[in-house]
Amino acid sequence: QSRQKYRILLGGIIVVLLLISVFLFLRYRLQLRRQQAELNLQLEKAQAEKLRDMDRIKSNFFTNISHEFRTPLTLILGPLRQMREGSFKGNTTKYMDIMIRNGERLMNLVNQLLDLSKLEGGKMSLNLEQGDLVKTLKAMVYAFESLAERQEINLEVNIPDARITAWFDKDKLEKVMINLLSNAFKYTPERGTVCLEFELRDNGQKEGENIAVIRVKDTGMGIPQDQLPMIFERFFQTTNVSEMQAGSGIGLALSKELVELHNGTILVESEVDKGTVFIIELPVGKAVLESGSAQPGKNILVQTGEYHPGDETVETGGKTRKDQPMVLLVEDNADVRMYVKEQLEGQYNVVEAEDGEAGVEKAIQLIPDLIISDVMMPKMNGMELCKTLKANDKTSHIPIIMLTAKAEQEDKIEGLQLGADDYLMKPFDARELNVRIQNLIEQRRRLQKSFGTEFTFHPESVEVSSVDETFLLKVKSTIEENLDDETFSVEDLSQSVGMSRSQLHRKLKAMTNQSPNEIIRVMRLLRAKELLEKKAGNASEIAFMVGFNSLAYFSKCYRDHFGVPPSEVG
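In my numbering, the protein residues as written are 1 to 570.
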């Protein structure tokens, strides 16, 4: 019996162990399935996030590409339309050069896109030729001397004088070097440095093979460390640049592909606010022949023609008249500035600014009648310029036309919300620009008439922005507080509202069509009329009460304004 009990107990234990094993197995299996499901979900989320990032990157790419296309198209289509219609203004030869230059810029963009497409499809090969690598590099970098001089950037070249014969594809190497040097100049501030270094070193892996090491250094804004791994990815754009400075997102990707086509490598080192170094390593012996179709016996002819990656500074002349409305043109592209200025000369006094910061400074200094501003500019973009000027007492009244290549409805809405008075897309029709300017200036004149009759009574009743209303109320209250002070002058009023005498004059003249002196005098006369009607004193007493120190002058001003002498009032 004891054995039977033992067997039953043992059997029970075995059954329990089996059940526990089955339970643990099922539980483990369930956990595996859950983990697999969670892993799949995480992968799906990661893939979805990656797709969203790619969509965003591609969207930014197409936005910037459209901007890159629209500005040159403005400088091609605008003059061509006017030539066809017989309304062209300006030097035909000069504009032909501008159209050719901008046509070549478009062709370069198209070629970059096609090159990327060929590389992606594996359809691009090297056209290798034997030539002097040092001489070729020097010709490429010295073509940037005029750009360095214009931008006040120090250009350093550390390349040995020795002749170094190598196999390379000159056209593709030139594309890489122009891209890297253009970027270096684009992101380096005035008085910064761009440097090209070259050295030849032994290839430790293959005896008798040499490696050409090319370094492009700058002291620009640098690239954040977390973005360095993506810098060569197609369509990627670093966030450490302004809208205007953002490129198309294909230049560095194309450069990397072309370097690798040479069996070479390209690396980047960077530190924010200190600068960036691009390092290219190219095999210059037999190793490169393995990746391309060499053409022995052909020498490379090095062209030393000047390359202009940036916009040239264009001087525009023209006579101006003081009685013409002043238009401030804020645009970083010199060709566009010249074209727009020539369309407006004769009707307007055009003042130019080449970036947003300069535009704000000139707007505050000159108080123009109207501002035309691009959106994508260095230092300060057009949106920031608009926001800054509309929030400033000195400039809040000035109409602003945004002239831009950004075609998205959201950008237009943002500009209008920030206070822009009109929005015009590139490429634009010069006649349409003229009509929009005329309409805004005419609208300002109608507002002047309204101010001229109502300002001295109720400035708050005139439809203007809250900033302008606050300014006018401050002007009115300041004058009212000092009506009995015969020494109160325009200088005192200027200091009270925080403007220079000329700024105050231009702003009040633009808003009310009255000078500060006229406004002070009219408000003194209105107070005098009120006191005379209440019989608060005789004409002589009231004259001194409202700040006139001469009864004769007071009587003359009163008669000129109201049509009757003060002695006949009441």
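For every residue, glycine included, the Cβ atom is placed at its ideal position computed from N, Cα and C.
Out of Met107, Ile76, Asn108 and Ser87, which one is the CA nearest neighbour of Tyr95? Ile76
If distances are taken between C-alpha atoms only, which option among His262, Leu200, Gly11 and Gly220 comes closest to Val213? Leu200
Go ahead and pull the three-state DSSP assignment for Lys394. coil
Roughly how many angstroms separate the alpha carbons of Ser182 and Asp323, rounded to a whole number? 43 Å
Contact check, Lys394 vs Gln225, beta carbons under 8 Å: no
Three-state secondary structure (DSSP) of Gln303: Residue placement at Gln303 is flagged as unreliable, the pLDDT there being 36, under the threshold of 50; the coordinate-derived value follows with that caveat. Three-state DSSP puts Gln303 in coil, outside helix and strand.
Does the segment 249–256 come within contact of the segment 168–186, defined as at least 3 CB pairs closer than 8 Å? Of all C-beta pairs linking the segment 249–256 to the segment 168–186, three or more are shorter than 8 Å, placing the two stretches in contact.
Work out the CA separation of Arg559 and His550 for me, nearest whole Å. Per the sequence presented here, residue 550 reads as Ser, with His not at that position. About 14 Å.
Continuous alpha helix (DSSP H) stretch holding Tyr187: start and end: Here Tyr187 belongs to no alpha helix (DSSP H), and DSSP marks it neither H nor E.
Element boundaries [alpha helix (DSSP H), containing Phe562]: Leu551 to Phe562
What does a CB cutoff of less than 8 Å around Leu424 pick up in its chain, not counting 5 residues either side in sequence? Closer than 8 Å at the Cβ level, and outside the excluded window around Leu424, lie Ile401, Met402, Leu403, Thr404, Glu432, Leu433 and Arg436.
In angstroms with no decimal places, state the Cα-to-Cα distance between Lys509 and Pro516. 8 Å
Just the C-alpha distance for Pro368 and Arg444, rounded to the nearest angstrom, thanks. 12 Å
Report the start-end ranges of each beta strand (DSSP E) in the segment 68–105 that is 3 residues or longer and not cut off at the edges. none
Decide if the segment 380–391 is in contact with the segment 347–363; the criterion is three or more beta carbon pairs, one per stretch, under 8 Å apart. yes
Quick check on the DSSP output: the alpha helix (DSSP H) that includes Pro229 runs from which residue to which? Pro229 -> no alpha helix (DSSP H), and no H or E assigned at all.
What three-state label does DSSP hand Leu418 in the structure shown? Leu418 falls in the coil class under three-state DSSP.
Who are the Cβ neighbours of Val284 in its own chain at under 6 Å, not counting the five residues just before and after it? Excluding residues within five positions, the ones whose Cβ falls inside 6 Å are Ala166, Asn210 and Ala212.
Is the number of C-beta pairs between the segment 183–203 and the segment 149–166 that are closer than 8 Å three or more? yes
Residue range of the alpha helix (DSSP H) that includes Pro516: Pro516 to Glu533
Distance CB(Phe185)-CB(Leu147) smaller than 8 Å: yes
Spatially closest choice to Gln227 from Lys217, Val272 and Thr219, by CA coordinates: Val272
Backbone CA spacing between Gln245 and Ile364 [nearest angstrom]: Per-residue confidence for Gln245 stands at a pLDDT of 47, beneath the threshold of 50, marking its modelled position as unreliable; the derived number appears in the next sentence. Taking the straight line from one Cα to the other gives about 25 Å.
Just the Cα atoms here: how many angstroms apart are Leu344 and Asn91? Going by the C-alpha atoms only, they are around 15 Å apart.
Please name the residue in Asp484, Gln495, Glu518 and Asp429 whose C-alpha comes closest to that of Arg84. For Arg84, the nearest C-alpha among the options comes from Asp429.
Do Gly547 and Asp468 have their CB atoms nearer than 8 Å? no
Report yes if the C-beta distance between Lys529 and Val569 is below 8 Å; otherwise report no. It is a contact, given that the beta carbons lie within the stated cut-off.
In chain order, what residues of the same chain have a beta carbon less than 6 Å from the beta carbon of Glu352, not counting five sequence neighbours either side? Leu329 and Arg337
May I ask you to report which of helix, strand or coil DSSP gives Pro283? If DSSP states are grouped into helix, strand and coil, Pro283 belongs with the strands.
For the candidate residues Cys386, Lys390 and Ser396, whose alpha-carbon lies nearest to that of Asp411? Cys386
Which partner residues does Ser373 have in the DSSP bridge list? Per DSSP, Val330 and Met402.
Hey, is Glu190 close to the ligand ADP, as in C-beta under 7 Å from one of its heavy atoms? Judged by which ligands are present, the structure shown has none, so any question about the ligand ADP falls away.
Quick one, are the C-beta atoms of Val475 and Leu447 less than 8 Å apart? no
Residue span of the beta strand (DSSP E) that contains Ile637, given as start and end: Outside the displayed span of the chain (1 to 570) sits residue 637, for which this structure offers no information.
For Val268, the residue or residues it bridges with in DSSP: Phe278
Does the separation of the CB atoms of Glu584 and Lys170 fall below 8 Å? Residue 584 falls outside the range modelled here, since the chain spans only 1 to 570, and no answer is possible.
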